[in-house]
C-alpha cells in the first residue's frame, strides 16, 4: 500500500484504507478513546484508537494503517480509525521542548542547543520553509533573465576583501583564508557569462556578539555586466526581491499561514533616495560617513509612513567609505554608485556599480594606501576586458529574520555559528 | 534603443537598427572590408565595416549600433552593416590564449593560471554551462518530489567524518574544521523535513595529486526518510541523474552542440549488481574490501557491453569498509546497504541506507573502536526519533568531467583548489 501524506487525507474516499508515516506528535488518553496525532512533513492527522492503547512516546517515528473516516471535528475533516500503529524506530526520548504545544516558548540557548529537535516544531520549521522558498524564487527570477549559476572557491590565498574578520585555515602547511564573499570571483565571471549568481556560505570572523551578525551565513550573490549605471543593478535587485516574495507565496503558503505573516509588497519601483537625503531624514550630521542601525530604523519608519513601503533604497554613499571597487559618481566622485536596500529598518542588501577599468583599480588602491601585490590576481583580470557591471549580495538569514521579525538572527539559522557557538 | 542579443539577430526585420553588446572576438582586415566578430553570452555576430576601420583589440568590451542585414554567409544568416563601434572599457591586453580559435589548445597550467580568461572560450564555457544546467535539473527533480533545500554549516567543531584529510581553521583562538560533507546535518534534518538536499562546497585536505580529486568541490547531497531500504534511495538517485540529464537537454542545448556531446541515456532502472558480483566481473580477489579505479573501469566496460548502459549501481559493499553510519544488510551484516554509482567507469556517487537507531550507533562506534565524545552531538540526535533513511552525494565536477570525458577534473572546475593551487 502506498503512503498517504496527511495533507492528502481530505481527498480520500470514505472507508479507504490508508497508510500514514510520520512522528507521534501527541498522545491523548481519554476515558473511552485514545487520540494519536501523527505529524508528517505536510502537517498533522488525527488517529482514533481504543482507550488504553499502548503508544510509543512523542517524536517516535511510526506507521499507521487504518481507515479514512469523515469527522467534521478532525483536522481536515478526516481522521483515521480502526488503526494499527507500528513503531519505525526505537521509542524516542522525551524532547527538550514540548513540540505539540502551539507555540514554542523557549529561551534562545535551548532553541539552539537542541536545534535538530526544535526545528521540528511546525512554527519553527515554517521559518526555514520561507528560506527555502525564497531561494527558489531567487533562482527562478535570475534563470528567467539568463543568469548563470556559479560556484566560486571558499578557500582563498589572500585576505583582501577586508583585512580584519577573516578566518585563517591551515592549507597543507601554509595559510589560506575563508572567503568573506564571492565578490572577486563573480566580477571576473562577468567576463565569461555576463550575468552570474551564486548561493553559498560566506565567513566573517565577527568578534562581536550582536543579534544580527553570524560567523557564517548564506549569501545570495548577483553580478551583471553591460549596465549603464547602478540603476540597472537596483532594478535587477527589485525583481529579485519580488521573485523571492513570489517564491514564498507559491511554495510556502502553509508556512506563511502557520506563522500568521503578512508578506511585504514589493513596489514596481522601490523608493530611492540619495545618501545626503537619508542623513537628513535620519537627523544625522551632514558629515556622517555611513548609516548606523538607529539611522536605518528611522529610514525604515520614514519609508513606511511616506511611501507605505517596507523597502527603501539609499544610493550614493560616500565613495571613501565603501569598498574600494565601488564606482564613484562621475559627476561628483565624492559620492559613489553604491547603494543599500533597507528592509523594515535594517540593511538587507549592499550593492553597487563596480569599477571596471584596470587603471581605476590601480589608482584607487594607491589612493587608499593598499598594497598592490595581494590584489594582483583580481586586479589583473580587469586588463582582460571587463564591461561596466554591478551587483549585490543578500543575506538569507537576515531576509528571513526581518520577514518574521525575529529579535535575533540565530532564530532563523539552521545551525548558527558565532563567537561562542560552533555546535551543534 | 534596447540591446539585441546576437542569438536574436535572425529574428530581426531586414534593415532594422540594432544595438549589440559584447566582446571583440576577432578582427579580420581584408582588402575591401573589415570583419568584426562580436561575442556575447549567446554567441557570435558578424559586423561588416569599411576597410581600415580602427578597432579595439580582441576581448575589449564594445557596443555596436548598426543595421541588421540578411547575408546567407554570415552566422545565423544576418550580419550587421553600417555600424558604429564604441569601446565600453579600456582596450584589453592580449589574452594568454587565442580565444577566437575554434579549439582551445593549451596546457593545463595555462588553462588554470588564466582561468578568468580561458573560461571565456566558447567550448570551455560550455563545460560550466553543463554544470549549471545540471544543478537546475537536480533541484527541479527534488523540488517536484517535495524535498526541502537546506544549508548546513561548513565550520564544525569535530573532525569526525574521517580523521584524516581535514582542514583546520583558527576559530576565534580555538580549532574548528571545515566540513568534509553535510552528512551529519542532513541526517538530523530528515527528522525535521523528511527529505532534504543541499548544494554546497565540501573540503578535503587531499594530500595526493590525482586527476580526479580536489581539495574543495561542489557536493550535491540528498537524504530522505521513511524508506524501506536502500533500493528506494537508489530509485531516487536514478530520478535525480535523469533530471540532471534532462536539465542539460533543456537549458544547455547550445553547450551540448558546441562540445559535440552525446548525452548518456539513463535507463528506467539502472543495472544493479551486488559487490560480490562486481568483484567477479572485475576479476578481483573475492576478499577485496573495495573497488579500485581499475575495477571501476572494468565494471564500466561491462555495463556498456552487457547492458548498453553508461551507469552501473553496485550495492552491498562490505560493512566494515564503509562509513560507520552505513546500514548493514539485516540478512547478512557482513554486507551493507551501501552503494556506489559508477558512471562511465568512475565512481560518481556514494550512498546508503544509514543506521537510524541510537543503539546501533553506540554499538558500531564501540565495534570500530571510535571514541563516543566527538560523535556525541550527532549520535544523540538519534535518540529523538529518526526514521529509517538514506541518501547519497554526487560530486558536481566529477559528473561534468565524465560527461565531457575530461582527462583531469580541474578542466571542468571554475577555480580549482588542490595541494599546490590556491589561486586564482
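Protein chains in written order, with the working numbering: chain A, 1 to 424; chain B, 1001 to 1424. All C-beta atoms in this analysis are idealised placements derived from N, C-alpha and C, irrespective of residue type, glycine included. It should be emphasised that the depicted structure is a prediction, and the values quoted were computed from it without experimental measurement.
Legend entry - Simplified DSSP assignment, three categories, for residue 1168 (chain B): Locating residue 1168 (chain B) in the second chain gives position 168, counting from the first residue. Strand.
Legend entry - Check whether residue 180 (chain A) and residue 204 (chain A) have beta carbons under 8 Å apart: The residue labelled residue 180 (chain A) in the question sits at position 180 within the first chain. The residue labelled residue 204 (chain A) in the question sits at position 204 within the first chain. Against a cut-off of 8 Å, the Cβ pair of residue 204 (chain A) and residue 180 (chain A) comes out as a contact.
Inset, instruction - Measure from the C-beta of residue 1344 (chain B) to each C-beta in chain A and report whether the shortest distance is under 8 Å. - result: Here residue 1344 (chain B) refers to the residue found at position 344 when the second chain is read from its first residue. No, its Cβ sits nowhere closer than 8 Å to a Cβ of chain A.
Legend entry - Spatial distance of residue 1129 (chain B) from residue 376 (chain A) (CA atoms): Looking up residue 1129 (chain B) in the second chain gives position 129. Looking up residue 376 (chain A) in the first chain gives position 376. Roughly 28 Å separates the two Cα atoms.
Legend entry - Span of the beta strand (DSSP E), counted from its first residue to its last, around residue 25 (chain A): Translated into positions along the first chain, residue 25 (chain A) becomes position 25. Run containing residue 25 (chain A): 17 to 29, per the beta strand (DSSP E) assignment.
Legend entry - One or two residues paired with residue 11 (chain A) in a DSSP bridge: Position 11 of the first chain, counted from the first residue, corresponds to residue 11 (chain A). Partner(s): none; residue 11 (chain A) has no beta bridge.
Legend entry - residue 364 (chain A) - containing beta strand (DSSP E), residue span: Here residue 364 (chain A) refers to the residue found at position 364 when the first chain is read from its first residue. Here residue 364 (chain A) belongs to no beta strand (DSSP E); instead the alpha helix (DSSP H) covers 358 to 368.
Inset, instruction - From the DSSP output, read off the bridge partner residues of residue 1270 (chain B). - result: Working through the second chain from its first residue, we reach residue 1270 (chain B) at position 270. Partner(s): none; residue 1270 (chain B) has no beta bridge.
Inset, instruction - Determine whether the Cβ of residue 1083 (chain B) lies closer than 8 Å to any Cβ atom of chain A. - result: Taking the first residue of the second chain as 1, we reach residue 1083 (chain B) at position 83. It does not: the Cβ of residue 1083 (chain B) has no partner Cβ on chain A nearer than 8 Å.
Inset, instruction - Under the assumption that residue 222 (chain A) contacts residue 142 (chain A) (Cβ atoms under 8 Å), give the Cβ distance between them as a whole number of angstroms. - result: Residue mapping note: residue 222 (chain A) aligns to position 222 of the first chain, counting from 1. Residue mapping note: residue 142 (chain A) aligns to position 142 of the first chain, counting from 1. Their Cβ separation, rounded to whole angstroms, is 7 Å, which keeps residue 222 (chain A) and residue 142 (chain A) in contact under 8 Å.
Legend entry - Reference residue 1230 (chain B), options B:1008, B:1340 and B:1359, closest by Cα: Here the question's residue 1230 (chain B) lines up with position 230 in the second chain. Nearest of B:1008, B:1340 and B:1359 to residue 1230 (chain B), Cα basis: B:1340.
Inset, instruction - Compare the C-beta of residue 1180 (chain B) against all C-beta atoms of chain A and say whether one is closer than 8 Å. - result: Along the second chain, read from residue 1 onward, the residue named residue 1180 (chain B) stands at position 180. Not one chain A Cβ lies under 8 Å of residue 1180 (chain B).
Legend entry - 8 Å Cβ cutoff met for residue 6 (chain A) and residue 56 (chain A): The residue you call residue 6 (chain A) lines up with position 6 of the first chain. The residue you call residue 56 (chain A) lines up with position 56 of the first chain. Contact flag unset, no.
Legend entry - Reference residue 1052 (chain B), options B:1034, B:1065 and B:1042, closest by Cα: The count along the second chain starts at 1 and reaches residue 1052 (chain B) at position 52. The residue with the shortest Cα to Cα distance from residue 1052 (chain B) is B:1034.
Legend entry - Near-chain A residues of the segment 1379 to 1399 of chain B - C-beta to any C-beta below 7 Å: 1381, 1383, 1384, 1385, 1386, 1387 and 1388
Legend entry - C-beta contact flag for residue 1390 (chain B) and residue 60 (chain A) at 8 Å: The sequence position of residue 1390 (chain B) within the second chain is 390, counting from 1. The sequence position of residue 60 (chain A) within the first chain is 60, counting from 1. It is not a contact, given that the beta carbons lie outside the stated cut-off.
Legend entry - Against chain A: residues of the segment 1219 to 1233 of chain B by CB proximity under 7 Å: 1226
Inset, instruction - Using the DSSP secondary-structure output, state which residues sit across from residue 462 (chain A) in a beta bridge. - result: Given that chain A is displayed from residue 1 to residue 424, the structure contains no residue 462 (chain A) and the question cannot be resolved.
Legend entry - Cβ-based contacts, 8 Å cut-off: residues of the segment 1137 to 1153 of chain B near chain A: 1139, 1143, 1146, 1148, 1149, 1150, 1151, 1152 and 1153
Inset, instruction - Please check if any C-beta of chain A sits within less than 8 Å of the C-beta of residue 1297 (chain B). - result: Numbered from its first residue, the second chain carries residue 1297 (chain B) at position 297. It does not: the Cβ of residue 1297 (chain B) has no partner Cβ on chain A nearer than 8 Å.
Inset, instruction - Please say whether residue 1266 (chain B) and residue 1241 (chain B) have beta carbons closer to each other than 8 Å? - result: The sequence position of residue 1241 (chain B) within the second chain is 241, counting from 1. The sequence position of residue 1266 (chain B) within the second chain is 266, counting from 1. Cβ distance < 8 Å, so residue 1241 (chain B) and residue 1266 (chain B) count as in contact.
Inset, instruction - Please say whether residue 214 (chain A) and residue 418 (chain A) have beta carbons closer to each other than 8 Å? - result: Numbered from its first residue, the first chain carries residue 418 (chain A) at position 418. Numbered from its first residue, the first chain carries residue 214 (chain A) at position 214. The answer is yes: Cβ separation under 8 Å.
Inset, instruction - Taking residue 1224 (chain B) and residue 1195 (chain B) to be in contact with their CB atoms under 8 Å, please state how far apart those CB atoms are, rounded to whole angstroms. - result: Within the second chain, the letter at position 224 stands for residue 1224 (chain B). Within the second chain, the letter at position 195 stands for residue 1195 (chain B). About 5 Å separates the two Cβ atoms, so the contact holds.
Legend entry - the segment 319 to 337 of chain A: positions lying closer than 8 Å to chain B by Cβ: none
Inset, instruction - Using a Cβ cut-off of 8 Å (strictly closer), state whether residue 1093 (chain B) contacts chain A. - result: Counted from its first residue, the second chain places residue 1093 (chain B) at position 93. Output row for residue 1093 (chain B): interface = yes.
Legend entry - Three CB pairs or more closer than 8 Å across the segment 259 to 273 of chain A and the segment 296 to 316 of chain A: yes
Legend entry - Buried versus exposed, by CB contacts within 10 Å (16 or more), residue 1322 (chain B): On the second chain, residue 1322 (chain B) is found 322 positions in, with the first residue counted as 1. Residue 1322 (chain B) comes out buried.
Inset, instruction - State buried or exposed for residue 360 (chain A), treating a residue as buried only when at least 16 other CB atoms are found within 10 Å of its CB. - result: Counting from 1 along the first chain, the entry for residue 360 (chain A) is found at position 360. Residue 360 (chain A) comes out buried.
Inset, instruction - State buried or exposed for residue 1021 (chain B), treating a residue as buried only when at least 16 other CB atoms are found within 10 Å of its CB. - result: Taking the second chain and counting its residues from 1, one reaches residue 1021 (chain B) at position 21. Classification of residue 1021 (chain B): buried, given that the 10 Å Cβ count is 16 or more.
Inset, instruction - For chain B, find out if any of its Cβ atoms is closer than 8 Å to the Cβ of residue 135 (chain A); answer yes or no. - result: Position 135 of the first chain, counted from the first residue, corresponds to residue 135 (chain A). Closer than 8 Å: yes.
Legend entry - Proximity to residue 1149 (chain B) [Cα-Cα], best of A:218, A:401, A:83 and A:167: Indexing the second chain from 1 puts residue 1149 (chain B) at position 149. The residue with the shortest Cα to Cα distance from residue 1149 (chain B) is A:218.
Inset, instruction - Look at the Cβ atom of residue 1354 (chain B), then the Cβ atom of residue 1325 (chain B), and state whether they are nearer than 8 Å. - result: For the purposes of this step, residue 1354 (chain B) is taken as residue 354 along the second chain, with counting starting at 1. For the purposes of this step, residue 1325 (chain B) is taken as residue 325 along the second chain, with counting starting at 1. Yes, they are a contact pair.
Legend entry - 8 Å Cβ shell around residue 1337 (chain B) - same chain, five flanking residues per side excluded: Here residue 1337 (chain B) is taken as the residue at index 337 of the second chain, counted from 1. Counting only Cβ-Cβ distances below 8 Å, and skipping sequence neighbours, we find 1229, 1230, 1315, 1316, 1326, 1327, 1328, 1329, 1352, 1353 and 1390.
Inset, instruction - Report back the beta-carbon spacing between residue 258 (chain A) and residue 123 (chain A) to the nearest angstrom; my notes put them in contact at under 8 Å. - result: Taking the first chain and counting its residues from 1, the one referred to as residue 258 (chain A) is at position 258. Taking the first chain and counting its residues from 1, the one referred to as residue 123 (chain A) is at position 123. With a Cβ gap of about 6 Å, residue 258 (chain A) and residue 123 (chain A) count as contacting.
Legend entry - Per-residue contacts from residue 35 (chain A) into chain B (C-beta, under 7 Å): Working through the first chain from its first residue, we reach residue 35 (chain A) at position 35. Simply none; closest approach about 19 Å.
Inset, instruction - Below 7 Å between beta carbons is the criterion; list the residues of the segment 1016 to 1029 of chain B that meet it against any residue of chain A, in chain order. - result: 1021 and 1023
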